[in-house]
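Below you'll find the structure, written out as structure tokens, and then a few comments.
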Amino acid sequence: MQIYLPIAEISVNMYTLLGLGGIVGLLSGLFGVGGGFLITPLLFFIGIPPAVAVATGANQVVASSVSAVLAQLKRKAVDIPMGLVLLVGGILGSAGGIWVFNLLTQLGQIDLAVQLCYVVFLGSIGLLMLQEAVRTMRRQRKGTGARKKRNQHTWAHNLPFKFKFRASGLYISVIPPLIVGVVVGILAAIMGVGGGFIMVPAMIYLLNMPTKVVIGTSLFQILFVSAFTTFMHAITNQTVDVMLALLLIVGGVVGAQIGSRLGARLKAEQLRILLALLVILVAAKLGADLIIRPHDLYSIAAGSH
Amino acid sequence: MMRALARRLRLALMLALLPIVAPAQQAAQPNAPKPPPEQIVAGLSRDNIGITTSFDGSQILIYGAIKREAPEPENDKLAVIVTLEGPLVPITIRRKSRELGIWVNTASVGVASAPSYYAVATSGPLQEILSPRLDVQQRISIPLAMRAFSSSVRVADTKPFTEAMIRIRERQGLYKLETGGVRLVDNTLFRADFELPANLIEGAYKTRIFLLRDGQLVDRYQSAIEVRKVGLERWLYALAHEHAALYGLLALALAVVAGWAAAAVFRFVR
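Heads up: the sequence lines are chains X and Y, in that order. When the letters of the first sequence are read in order and numbered with our numbering, they come out as residues 36 to 340. When the letters of the second sequence are read in order and numbered with our numbering, they come out as residues 12 to 281.
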């Protein structure tokens, strides 16, 4: 059944969108990721204009993270002060990112910028994850439990504006989390992603936060930054398509439930290797598109400069 | 189904009656300026198209008859061209080239106005029935449909860009030339069918009919079909553009409610 999307101004098969949302939901339930990094490229692929795909992707992230945040809050797994610092950075970054997004759209380089961001970030994160997962698996096989030392003294401890983050058990400057927030906010606006895939490793390795609050705190930041990004895209570009978002959300929610049940049956390390491979695959596909000569060197964009 | 049938029946009736009714009408106004020897009397199967949620393209039938004062000239070949043109919009055509191993948009040409949709149906091969001069004058063939370049053109040769635009839009089914798309019966009745794609934009779609003899214009008819979003589509589009903040909040509220409700439903089921 075809459905006409009022903002994207194209007609798309409804089941394609539900299926797309479902697959992304399945993966996000399976791996515990937001899935924004998959949904935006897939929307490009079915012909949704990039600006609409990115803005609507952010709206979909709001829906997929809201129930998770509520659950994490109930479990007291959110470091709210840390989340707020990350959020302030995130909002600054998102506002800047939207400005960059609009500038690049005018210059005709937005597709390239988005693709490059995906290739660089997904590619490197994917490789790191794969390396980490393989190393952990080997270590488990050997049976030696050499764990990473926490509370190392790094350069971050010499910065001013120190603050006590109780839930994380940290006494550090607010500057590093603020910078992490800004970077994630910029990526959220340009790539239409939540940014969990970059924030979680940054929180663990750069900020030395304990794993038990990492997921909840990052989801807390993602929820509000995505909401802000959606709102900004809606008022500056009018590119949020609620019809598209609703179909993706419905598909995504069902997929996520199936995914999380499936995930409970698999081993954590196997899951991480699978996720790493998936991330690398998406990055490789986008990278190949940049290198292989396109079918038609010419393209048409709306608007004239 | 019934409505479509009724419409078709009415059309057939009209076409059948046209040659009889037409002279009577003409006789009623003897002082009118001298009309061309042959005139187009035309109709559209519909004068507006509503884009609804389930919209996936539309069909338009443009039909008519040729009204004559005198007997038909013997030797000259009669031809009919029907064009359907979507709203004019500005576009940018970009070209990629390889920079540092990756393909990047490096050159662009802005077009101030190009039709978002343009279809030409003819009763015969265009080069045989239409003189180049008349083509330029009336902007009939596809390459002439594009209006003007933007003020700042920074490439030496714009031709590959405009050719690329036509090529891409033809591939998308937005521009098309249908030779033989106009069916001419007894040199009197004609009809042309157009398939409109699903990715239509809103606005007035201009319909033109040209009656030609020996490549020269005999008569010309013009009308318009209004394409508009209706119902929910209209409401959402208007809200997004006129009350952007409200629309943004609505989008967020929908996402929050849908995300929360879905999780609650699944918890309940479990």
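Beta carbons are placed, not taken as given, at the ideal position from N, Cα and C, and that holds for glycine.
For residue i, the first and last residue of its enclosing beta strand (DSSP E)
i         : result
Y/Thr-190 : 186-190
Y/Ala-130 : 129-133
Y/Pro-101 : 99-110
Y/Arg-194 : 193-196
Y/Leu-72  : 69-79
Y/Gln-126 : First, the amino acid is wrong: residue 126 of chain Y is Pro here, not Gln. First-last of the beta strand (DSSP E) with Y/Pro-126: 113-126.
Run of the alpha helix (DSSP H) containing residue i, from where it starts to where it stops
i         : result
Y/Val-147 : 143-149
X/Ala-323 : 303-326
Y/Gln-183 : Careful: Y/Gln-183 lies outside any alpha helix (DSSP H) and carries neither H nor E.
X/Val-217 : 210-226
Y/Ala-249 : 242-253
Y/Pro-136 : Element bounds for Y/Pro-136: n/a, residue is neither H nor E.
X/Pro-236 : 231-236
Whole-angstrom C-beta distance between residue j and residue i, which should lie under 8 Å
i         : j         : result
X/Gly-227 : X/Gly-92  : 3 Å
X/Gln-95  : X/Ile-250 : At roughly 19 Å, the Cβ-Cβ gap does not stay under 8 Å, so X/Gln-95 and X/Ile-250 are not in contact.
X/Ala-237 : X/Gly-229 : At roughly 13 Å, the Cβ-Cβ gap does not stay under 8 Å, so X/Ala-237 and X/Gly-229 are not in contact.
X/Met-164 : X/Val-314 : 7 Å
X/Ala-43  : X/Val-87  : 5 Å
X/Phe-232 : X/Phe-79  : That pair is no contact at about 18 Å.
X/Ile-210 : X/Phe-196 : 6 Å
Three-state class that DSSP yields for residue i in the structure shown
i         : result
X/Leu-194 : coil
Y/Val-166 : coil
Y/Val-285 : For chain Y, the structure presents residues 12 to 281; residue 285 of chain Y sits outside this window and is missing.
X/Gln-273 : coil
X/Arg-174 : helix
X/Lys-247 : helix
Y/Asn-86  : coil
X/Ser-334 : strand
X/Ile-42  : coil
X/Gln-141 : helix
X/Gly-128 : helix
Y/Trp-271 : helix
Y/Ser-234 : strand
Y/Phe-152 : Before going further, note that residue 152 of chain Y is Ser rather than Phe in the sequence given. Three-state DSSP puts Y/Ser-152 in coil, outside helix and strand.
X/Phe-200 : strand
Y/Asp-204 : strand
Y/Ile-212 : coil
X/Val-113 : coil
Y/Arg-239 : strand
Y/Thr-63  : coil
X/Thr-265 : helix
Y/Leu-223 : strand
X/Pro-329 : coil
X/Leu-205 : strand
Y/Leu-55  : strand
X/Leu-242 : coil
Y/Thr-199 : coil
Residue burial classification, residue i (beta-carbon count within 10 angstroms, cutoff 16)
i         : result
Y/Glu-253 : exposed
Y/Val-268 : exposed
X/Ile-326 : exposed
X/Phe-198 : exposed
X/Gln-256 : buried
X/Gly-70  : buried
Y/Tyr-128 : buried
Y/Lys-187 : buried
X/Asn-243 : buried
X/Asp-22  : It is not possible to answer for residue 22 of chain X, since the shown part of chain X is limited to 36 through 340.
X/Gln-292 : buried
X/Val-155 : exposed
Y/Asp-197 : exposed
X/Pro-212 : buried
Y/Val-32  : Any answer about Y/Val-32 is weak, because its pLDDT of 42 lies below 50 and its placement is not dependable; what the coordinates show is given next. Classification for Y/Val-32: exposed.
X/His-268 : buried
Y/Ser-66  : The sequence shown places Phe at residue 66 of chain Y, rather than the Ser named in the question. Looking at its Cβ environment, which holds 16 or more other Cβ atoms inside 10 Å, Y/Phe-66 is buried.
X/Asn-272 : buried
Y/Phe-172 : buried
X/Pro-76  : buried
Ranges of the alpha helix (DSSP H) found wholly within the segment 52-107 of chain X, counting only runs of at least 4 | 71-80
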